[in-house]
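A short write-up of the structure that comes next.
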Amino acid sequence: MNWPDARSWAASWDWGDAPAWAAFVLAAIALWISIRAQKDGRRSANAAVASVEEARLSRVASEKSAAVAEETLADQRREAAERRAAEEEASRPRPAFAIERRNRSTFYLRNIGTGRATGVAISGRGGPYSMNPIAGVDLAPAEAVEFTMLGSAGQPIPGTLYVTWDGQEEEMPVAVPTL
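Here the sequence shown stands for residues 0 to 178, where the numbers follow numbering that gives the first Met the number 0.
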């Protein structure tokens with residue numbers, strides 16, 4: 000190669016091509032920027048979709064949490080009402096009865112409870128015996144009513160009598176004391 004006759008590479012250019020090359024470089028830079036922007040946009044869109052999904056899951060979880068909280072509150076209120084009702088029932092004065100023996104044939108039915116009993120009735124079951132029944136008697140706490148009872152036909156008196164009163168229709172057994 001003949002170096003003294005060689006022109007420089009820059010001198011061999013036709014300066015009319017320089018703006019085209021500059022436009023090419025700028026277009027390449029713009030392409031690179033747009034590709035990056037597209038990737039960023041896609042990443043942003045994916046993040047938005049993930050955010051929407053997380054928000055939906057959060058909403059579902061908060062609805063479930065609210066439902067559980069409402070159920071828990073309802074259960075607590077129901078339990079409190081049941082507890083109050085049980086406490087009121089437990090503190091309510093109640094009659095209770097015992098039979099006391101005075102002698103061979105005289106007995107007392109005594110209210111040993113804390114509440115008044117109205118419409119008290121006493122009955123027995125089985126075996127031959129004689130008793131003047133109690134019916135429709137009112138007994139305050141610690142109050143007693145007298146009745147008589149004798150065994151008959153050589154049989155002893157029953158070991159248990161049954162008491163009912165207003166509000167207690169089911170017969171309650173009461174032991175009869177022996178001599």
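Just so you know, even glycine gets a beta-carbon here, dropped at the ideal spot from N, CA and C.
Predicted model, so just to flag it, every value in this text is computed and none were measured.
Should W164 be labelled buried (16 or more other beta-carbon atoms within 10 Å of its own) or exposed? To locate residue 164, count along the sequence shown from 1; it is residue 165. Under a 10 Å Cβ-count criterion, W164 is classified as buried, with 16 or more other Cβ atoms of the shown protein chains found around its own Cβ.
Determine, using beta carbons only, whether V162 and I121 come nearer to each other than 8 Å. Residue mapping note: residue 162 aligns to position 163 of the sequence shown, counting from 1. Residue mapping note: residue 121 aligns to position 122 of the sequence shown, counting from 1. Their beta carbons are under 8 Å apart, which means V162 touches I121 by this criterion.
Buried or exposed: which applies to F23, given that a residue is buried once 16 or more other Cβ atoms fall within 10 Å of its Cβ? Taking the sequence shown and counting its residues from 1, the one referred to as residue 23 is at position 24. Counting the other Cβ atoms within 10 Å of the Cβ of F23 gives fewer than 16, which makes it exposed.
Under the DSSP definition of a beta bridge, which residues are partnered with G150? Against the sequence shown, residue 150 aligns to sequence position 151. For G150, which the question treats as bridged, DSSP gives the partners Y128.
For I32, is the classification buried or exposed, using 16 other Cβ atoms within 10 angstroms of its Cβ as the cut-off for buried? Numbered from 1 along the sequence shown, position 33 holds the residue referred to as residue 32. That one is exposed.
Does the beta carbon of L56 fall short of 7 Å from some heavy atom of the ligand SAM? Of the ligands one can find in the structure shown there are none, so the ligand SAM has no counterpart to examine.
How many Å lie between G158 and A95 at the Cα? Along the sequence shown, read from residue 1 onward, the residue named residue 158 stands at position 159. Along the sequence shown, read from residue 1 onward, the residue named residue 95 stands at position 96. The alpha-carbon atoms of G158 and A95 are separated by roughly 18 Å.
Applying the criterion that 16 or more other CB atoms from any shown protein chain within 10 Å of the CB defines a buried residue, is A26 buried or exposed? Numbered from 1 along the sequence shown, position 27 holds the residue referred to as residue 26. With fewer than 16 other beta carbons inside 10 angstroms of its own, A26 counts as exposed.
Extent of the continuous alpha helix (DSSP H) run through T71: For this step, residue 71 is matched to residue 72 along the sequence shown. That run of the alpha helix (DSSP H) goes A17 to S90.
Alpha carbon to alpha carbon, what distance is there between R109 and A141? Here the question's residue 141 lines up with position 142 in the sequence shown. Here the question's residue 109 lines up with position 110 in the sequence shown. Near 6 Å, if we compare the C-alpha coordinates of R109 and A141.
Given that a residue counts as buried once 16 or more other Cβ atoms are within 10 Å of its Cβ, and exposed if not, what is V119? On the sequence shown, position 120 is the one that residue 119 refers to. V119 should be labelled buried.
Can you name, in chain order, every residue of its own chain whose Cβ lies under 8 Å from the Cβ of M171, other than the five neighbours on each side? Position 172 of the sequence shown, counted from the first residue, corresponds to residue 171. Only F96, Y161, V162 and T163 meet the Cβ criterion.
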